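The structure appears right after this line, and notes come after that.
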Amino acid sequence: MRSPTGAVLRRMPRTLTRRECDELVRAGAPLMTDVYPDGLLWWDGEDALARWAEVSPLVVRRRLPSVHEGWIAHVWDSDDGDRALHLTGWH
């Protein structure tokens, strides 16, 4: 995937904890959310922090059948060291 800045990002396979996500966003990493019907949305700066505050309580390590709404987090890295937090959601 190519970021708005032109960096080529690749998804890392391991899911992240809420704490790891919090550290990434607070360090300035942009945030991508992907949920139907909105599709993939890019958030950065203060917008990323605000969106993270909304979704962070719903981050889980795997999709659970008893959870009605949630987000699974992965980090996407570039060869240049750029990082982005990718959240896939369901409801």
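Everything in the sequence shown is counted per the numbering used here, starting at 57 for the first residue and increasing by one. Beta carbons are placed, not taken as given, at the ideal position from N, Cα and C, and that holds for glycine. Computed from a predicted structure; not experimentally measured.
Between residue 119 and the set 63, 87 and 145, the nearest pair of CA atoms involves 145. Looking only at 65, 100, 63 and 92, the smallest Cα-Cα distance to residue 125 is reached by 92. Relative to the Cα of residue 75, the nearest Cα in the group 113, 137 and 136 belongs to 113. The C-beta of residue 99 has 16 or more other C-beta atoms within 10 Å across all chains shown, which makes the residue buried. Residue 103 has its alpha-carbon roughly 15 Å from the corresponding atom of residue 143. DSSP lists 88 and 130 as the beta-bridge partner residues of residue 142. Residues of the same chain with a CB within less than 7 Å of the CB of residue 136, apart from the 5 flanking positions on each side, are 63 in chain order. Of the candidates 67, 132, 139 and 73, the residue whose Cα lies closest to the Cα of residue 117 is 73.
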